[in-house]
Every structure is written in C-alpha cells, then in structure tokens.
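A.B. asks: Attaching a single structure in structure tokens format; questions to follow.
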Amino acid sequence: MGSAQPRTRSALWWTATAVAAACLFAIALSDSVYEATSPPGPLQILLRKSYSIAAFTLVGILLSKALAAPSPQVRWLFPAASIAAYSLLIEAGQAAEGVREGLLWNGIDVLCGFVGGYFGWLTATPRLRQQR
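Structural data, given as structure tokens:
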C-alpha cells in the first residue's frame, strides 16, 4: 500500500500538468483572450511576455512536482527544456491558426517558456535544492 501512494500522487501531478497545459494551449490560441489581455500602448509586449512567463511557470511547477513525486532527483534542465518545447508547440499552433510573428518573436516566446520552466522548477523544488 505504501508504494501506491507515491504513484497516486505522481498521477495527480501528471493529470494537473496535462489539464493546465491543455487549458493554457487553448487560451494561447484564442483571439478573444489575446484582445482582452493586450492593452494598447508601449507596454503591450512586456505585459504579454510577463503573462506568458507566469503561465509557463505554472506549468513548470506542476511538471516539476510530477517529476519529483516518484523521484526527488529532478534537475532544472529537463523541466525548463520541456516547457520550452511546450512553448514551441504553442508557436506551431498559432502559426497553423495564421498568426505570423516572425522567427525572432517565436524564439523569444520559446525562451519565455524556458525561463518559465526554470522558474517553475525553482518554485517547486526549494527543499531539494537546499539538500544538495
């Protein structure tokens, strides 16, 4: 029975990660959400990138918790790279929807995913990092 608890906890974290990632993917492709969260003015880009880093951090926290549930030896690079890959999938979805940002902005968005994944790992694993 003791081994079922870590598996159950891991499954819950994986489920939460998948649900959050799917919801945020849908939000990222929504024109109405884009319009509602993009105030006109010079700070629009900074706000949008801040939103994306916050969203990627949330998914990064959940992913790091899912990875740490069975094994607490989660290193920062895997969650950060995984969330960057997730960001790349969002960019592909947006391109399929007709959004044309250009490669520079696509790269910046993927970098925001990497940063958010790293922040998520930092937030999710403070005790693990102190023990090293």
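Read the sequence shown against our numbering and you will find it ends at 1228, with the numbers running on by one and no gaps.
All residues carry an ideal CB built from backbone N, CA and C; glycine is no exception.
Tell me whether residue 1141 is buried or exposed, calling it buried when 16 or more other Cβ atoms sit within 10 Å of its Cβ.
C.D. replies: Residue 1141 comes out exposed.
A.B. asks: Spatial neighbours of residue 1103 within its chain, please: C-beta separation below 6 Å, excluding the five flanking residues on both sides.
C.D. replies: None.
A.B. asks: Give the straight-line distance between the Cα atoms of residue 1173 and residue 1187, rounded to the nearest whole angstrom.
C.D. replies: Distance between the alpha carbons of residue 1173 and residue 1187: 21 Å.
A.B. asks: Given that a residue counts as buried once 16 or more other Cβ atoms are within 10 Å of its Cβ, and exposed if not, what is residue 1160?
C.D. replies: Result: buried.
A.B. asks: Tell me the rounded alpha-carbon separation between residue 1122 and residue 1129.
C.D. replies: Rounded to whole angstroms, residue 1122 to residue 1129 spans 10 Å at the Cα level.
A.B. asks: Classify residue 1134 as buried or exposed, calling it buried when 16 or more other Cβ atoms lie within 10 Å of its own Cβ.
C.D. replies: Exposed is the call here.
A.B. asks: Counting only the same chain and skipping the five closest in sequence on each side, list residues whose C-beta sits under 7 Å from that of residue 1165.
C.D. replies: Excluding residues within five positions, the ones whose Cβ falls inside 7 Å are 1102, 1105, 1106 and 1109.
A.B. asks: According to DSSP, is residue 1135 helix, strand or coil?
C.D. replies: In the structure shown, residue 1135 sits in coil (DSSP, three-state: anything other than H, G, I, E or B).
A.B. asks: For a test of the three-state rule: what should DSSP assign to residue 1126, helix, strand or coil?
C.D. replies: Three-state DSSP puts residue 1126 in coil, outside helix and strand.
A.B. asks: Report the CB separation of residue 1184 from residue 1206 in whole angstroms; it is logged as a contact under 8 Å.
C.D. replies: Right, their Cβ atoms sit about 5 Å apart.
A.B. asks: Just to confirm my understanding: we take residue 1204, look at its own chain, exclude 5 residues before and 5 after, and list those with CB closer than 6 Å. What are they?
C.D. replies: Cβ neighbours of residue 1204 beyond the five flanking positions: none.
A.B. asks: Looking at residue 1153: is its Cβ nearer than 7 Å to the Cβ of residue 1216?
C.D. replies: Cβ atoms of residue 1153 and residue 1216: closer than 7 Å.
A.B. asks: Going by beta-carbon coordinates alone, are residue 1125 and residue 1189 separated by less than 7 Å?
C.D. replies: In contact: residue 1125 and residue 1189 (Cβ atoms closer than 7 Å).
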